[in-house]
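Chemist:
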Amino acid sequence: MSRLLPLTLLFACLNISAQPVVRIGTGDWVPYVDQLRADGGALARLIREIFTSAGYQVEFVYYPWDRNLLMLEQGALDAVMPYSCSAQRSRISDCSDPVVNGEVVLFMRRDQGLNWTRIEDLNKLRIATTLGYSYGPQFDAALQSGQLNVQQNGKEDTGFRLLELGRVDVHPQDRAVGYAMLRRMFTPEARAAISHHPRVLSTEPLHLLFRKNDVKADQLREVFNAGLRGFAKSGELERLQQALYTGNTDQWLTAP
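Going left to right, the sequence shown walks through residues -18 to -1, 1 to 238 as mature numbering (1 follows the signal peptide of the UniProt record, and there is no 0) numbers them.
Now the structure itself:
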């Protein structure tokens, strides 16, 4: 019996090592992705369960958003998440089915009195953005054409720090992410001075982006989409969406 135990452990280790690995690039984007949590946050937990149930191991690596896309294009990553599917990104990637919806709004100081109805109304504002982000087709097009006065930053928290100091007028950000960041970064008094404009800048589904023209990536995308459909059918995706909107992602547990 004592001789069988080491063999059993050996075969178990061989079985684990034989599982193919999915390498996914992401960034710290609480409450969607949380690098400080052992499970990586709600979306990481969902993605890991889908691939694990299909016989894969998942490795999440954390880089700036623009670097993730570069590594995906170069073949160093199998996928990146969570991203919206912009025309620019479609050159290097194929999108998964929608996972959850992200709602982008303009954060501002409460004493600012911002009033806008069209993208053109933002032309005179000082805007802080994050490199590698998409803020919706209209905003992205205005940014690319040079219509907006934008300060782009590599670190995600810079936009809110500039806003809190009054060095920019607005900072576009996913609503759930924005309020999670404010809770983490500022005192209650400081964050009480910041709110968001009720007009939604963009509502877009978030996806996994898989490397384009890659056989392995195409197979992984099919596996992920099939697993995602199962979670949608069970109602878990809707429960996850509601947990994100209410900020209670810790309460979201996937089906056993």
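Where a beta carbon is used, it is the ideal one built from N, C-alpha and C, also for glycine.
Run the CB neighbour count on Met163, radius 10 Å, all protein chains shown included, and call it buried at 16 or more, exposed below.
Modeler: Indexing the sequence shown from 1 puts residue 163 at position 181. Met163 is buried by the Cβ-count criterion.
Chemist: Apart from the five residues just before and just after Ala124, which ones in its own chain have a Cβ nearer than 6 Å to its Cβ?
Modeler: In the sequence shown, the residue the question calls residue 124 occupies position 142. Result list for Ala124: Ile101 and Leu130, in chain order.
Chemist: Check whether the Cβ of Gln201 sits closer than 7 Å to any heavy atom of the ligand MN, and report yes or no.
Modeler: No copy of the ligand MN occurs in the structure displayed, which carries no ligand at all.
Chemist: Please list, in chain order, all residues of the same chain as Ser177 whose beta carbon is under 6 Å from its beta carbon, the five residues on each side excluded.
Modeler: Position 195 of the sequence shown holds residue 177. Hits under 6 Å: Arg92.
Chemist: How should Glu220 be labelled, buried or exposed, when 16 other C-beta atoms within 10 angstroms of its C-beta is the threshold for buried?
Modeler: Mapped onto the sequence shown, residue 220 falls at position 238. Glu220 comes out exposed.
Chemist: Would you report the Cα separation of Ser184 and Val87, rounded to the nearest angstrom?
Modeler: Looking up residue 184 in the sequence shown gives position 202. Looking up residue 87 in the sequence shown gives position 105. Their backbone Cα atoms lie some 7 Å apart in a straight line.
Chemist: Would DSSP call Leu130 helix, strand or coil?
Modeler: On the sequence shown, position 148 is the one that residue 130 refers to. Leu130: coil per DSSP, three-state reduction.
Chemist: Check whether the Cβ atoms of Ile29 and Met53 lie closer than 8 Å to each other.
Modeler: Here residue 29 refers to the residue found at position 47 when the sequence shown is read from its first residue. Here residue 53 refers to the residue found at position 71 when the sequence shown is read from its first residue. It is not a contact, given that the beta carbons lie outside the stated cut-off.
Chemist: If the criterion is Cβ atoms closer than 8 Å, does the pair Val132 and Thr112 meet it?
Modeler: Here residue 132 corresponds to residue number 150 of the sequence shown, with the count starting at 1. Here residue 112 corresponds to residue number 130 of the sequence shown, with the count starting at 1. No.
Chemist: Glu85 by DSSP, collapsed to three states: which one?
Modeler: Position 103 of the sequence shown, counted from the first residue, corresponds to residue 85. Reduced to three states, the DSSP call for Glu85 is strand.
Chemist: Counting pairs of Cβ atoms below 8 Å between the region 205 to 215 and the region 33 to 44, do you hit three or more?
Modeler: Enough Cβ pairs lie closer than 8 Å, so yes.
Chemist: Buried or exposed: which applies to Asp156, given that a residue is buried once 16 or more other Cβ atoms fall within 10 Å of its Cβ?
Modeler: Numbered from its first residue, the sequence shown carries residue 156 at position 174. With 16 or more Cβ atoms within 10 Å of its Cβ, Asp156 is classed as buried.
Chemist: If you reduce the DSSP assignment to three classes, tell me which class Trp11 lands in.
Modeler: Here residue 11 is taken as the residue at index 29 of the sequence shown, counted from 1. Looking at Trp11 - three-state DSSP - the assignment turns out to be strand.
Chemist: Looking only at DSSP bridge pairs, what is His153 linked to?
Modeler: Counting from one through the sequence shown, the residue named residue 153 turns up at place 171. Per DSSP, Phe89.
Chemist: Considering only DSSP beta bridges, list what Phe42 is partnered with.
Modeler: As a position in the sequence shown, residue 42 is number 60, starting the count at 1. In DSSP, Phe42 forms a bridge with Ile6.
Chemist: From the DSSP secondary-structure annotation, give me the bridge partner or partners of Pro187.
Modeler: Locating residue 187 in the sequence shown gives position 205, counting from the first residue. Pro187 pairs with Asn83.
Chemist: Taking the alpha carbon of Arg165 as the point to measure from, which residue in His189, Leu147, Val150 and Asp139 has its own alpha carbon closest?
Modeler: Reading the sequence shown from its first residue, position 183 is the one you call residue 165. The shortest Cα separation from Arg165 among His189, Leu147, Val150 and Asp139 belongs to Asp139.
Chemist: Look up Val182 in the DSSP assignment and give the residues it is bridged to.
Modeler: Here residue 182 corresponds to residue number 200 of the sequence shown, with the count starting at 1. In the DSSP output, where bridge partners are listed per residue, Val182 has Val87.
Chemist: Are the beta-carbon atoms of Ile75 and Leu191 separated by less than 8 Å?
Modeler: Taking the sequence shown and counting its residues from 1, one reaches residue 75 at position 93. Taking the sequence shown and counting its residues from 1, one reaches residue 191 at position 209. Correcting the residue type first, residue 75 is Ser in the shown sequence and not Ile. Yes, these two residues count as a Cβ contact at 8 Å.
Chemist: Three or more beta-carbon pairs under 8 Å between the region 1 to 16 and the region 43 to 51, yes or no?
Modeler: Contact holds: three or more Cβ-Cβ distances are below 8 Å.
Chemist: Quick one: is Asp60 buried, meaning 16 or more other Cβ sit within 10 Å of its Cβ, or exposed?
Modeler: Taking the sequence shown and counting its residues from 1, one reaches residue 60 at position 78. Buried: at least 16 other Cβ atoms inside 10 Å.
Chemist: Does DSSP put Arg166 in a helix, a strand or coil?
Modeler: In the sequence shown, counting from the first residue as 1, residue 166 sits at position 184. If DSSP states are grouped into helix, strand and coil, Arg166 belongs with the helices.
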